[in-house]
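First residue of the sequence shown: 26, per my numbering; consecutive thereafter. All C-beta atoms in this analysis are idealised placements derived from N, C-alpha and C, irrespective of residue type, glycine included.
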Amino acid sequence: MSPELALGLELADLADAVSLPRFRALDLVVETKPDLTPVTEADRAVERAVREHVARVRPDMAVLGEEEGEEDAGPSGWRWILDPIDGTANYVRGIPVWATLLGLEHHGRLVGGIVSAPALGRRWWAERGGGAFADGTPIRVSKVARIEDAHLAFAGTGRWARDGKGEALLELLGRCRRARGFGDFCMHLLVAEGAVDAAFEPTVAYYDVAAVQVIVEEAGGRFTDLLGRPRADGGSAVSSNGLLHDDVLAALGAPASGDAARDGRQV
């Protein structure tokens, strides 16, 4: 394990120590951001704690965070991509499916990812060339090769409809063996574990999926946006075991990406 990934696990421990005690707290402070999404005192406290710890132990590293914005990576090229609590809406409602997400960049290349979900008692991590792990155990995507045999996960049904893809989504879900709306980080990690065969959401930010892209790919899967571009900053997300990926993209109205998009993989 690299020193940088080891630091990421340390940051995840720190984040868990901040977020978990405030989960289901009766006096939790919740506000609404300009984009109408919720933010809690815990979101802000986790990001502040991570930034302060990074500044203290690795001042050569920068942080891009959901709540406090972007820092330039600087000469070292190292930068953490932080979502302090992914699934804040779940956190606010007392649903235990939320996590701190830490993606790691080096000179713009995503090289590591950590997802820590303390209310579930689970943690996933990966670094390039080192494989993907859940709670210390190696994980691998499934080998399901047909949509008709697949378990699919999805998010954002309203947005699919607003984007004119509602019928395409329903048709795809009608073809598969089973479909569930897990949403957020969870569905992509289920793909990485082989429990789900493909997952897709129409709207994401970079910090929502930077960490999970590395984990999915190191588990043997494929990750792109809806245009088939292998990047975490494309505004949408599709993860799969690789065998189903082009079929899912085509079903959702996107061009099959093929080898050209793979050559442009953000890694």
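- Per DSSP, the unbroken beta strand (DSSP E) holding residue 248 starts and ends at 247–249.
- Among the bridge pairs identified by DSSP, residue 62 is matched with none.
- Here DSSP, grouped into helix, strand and coil, assigns residue 57 to strand.
- The residues 268, in chain order, have a CB closer than 6 Å to that of residue 170 in the same chain once the five nearest residues on each side in sequence are set aside.
- Residue state for residue 34 is assigned as helix, using DSSP reduced to three classes.
- Around the C-beta of residue 212, 16 or more other C-beta atoms lie within 10 Å, and the residue is accordingly described as buried.
- Taking a contact as a CB-CB distance under 8 Å, the pair residue 232 and residue 108 counts as one, their CB atoms being some 4 Å apart.
- Taking the Cα positions, residue 253 is about 11 Å away from residue 277.
- Note on geometry: alpha-carbon atoms of residue 76 and residue 91 lie some 12 Å from one another.
- At a Cβ-Cβ threshold of 8 Å, residue 88 and residue 104 count as neighbours.
- Taking a contact as a CB-CB distance under 8 Å, the pair residue 238 and residue 248 counts as one, their CB atoms being some 4 Å apart.
- Secondary structure of residue 228 (DSSP, three-state): coil.
- Here residue 244 is near residue 217, since their CB atoms are less than 8 Å apart.
- Exclusion of the five residues before and after residue 270 leaves 247 as the residues of its chain whose Cβ lies within less than 6 Å of its Cβ.
- In this structure residue 177 is buried. Its beta-carbon is surrounded by 16 or more other beta-carbon atoms within 10 angstroms.
- Around the Cβ of residue 255, a 10 Å sphere holds 16 or more other Cβ atoms; the residue is buried.
- Per DSSP, the unbroken alpha helix (DSSP H) holding residue 270 starts and ends at 270–276.
- With a minimum length of 4 residues, the unbroken runs of alpha helix (DSSP H) contained wholly in the stretch 59–113 fall at 66–82.
- Within its own chain, the residues whose Cβ lies closer than 6 Å to the Cβ of residue 257, once the five positions on either side in sequence are excluded, are 231, 234, 235, 238, listed in chain order.
- Counted as a single uninterrupted DSSP element, the beta strand (DSSP E) harbouring residue 158 occupies residues 157–159.
- Setting aside the 5 residues that flank it on each side, residue 185 is surrounded in the same chain by 191, 194, 227, each with a C-beta closer than 7 Å to its C-beta; the list follows chain order.
- For residue 216, the uninterrupted alpha helix (DSSP H) run begins and ends at 209–218, by DSSP.
- The C-alpha of residue 160 lies about 10 Å from the C-alpha of residue 140.
- 72 is the residue among 72, 35, 117 whose C-alpha sits nearest the C-alpha of residue 106.
- In this structure, residue 150 sits away from residue 32, with a CB-CB distance that is not shorter than 8 Å.
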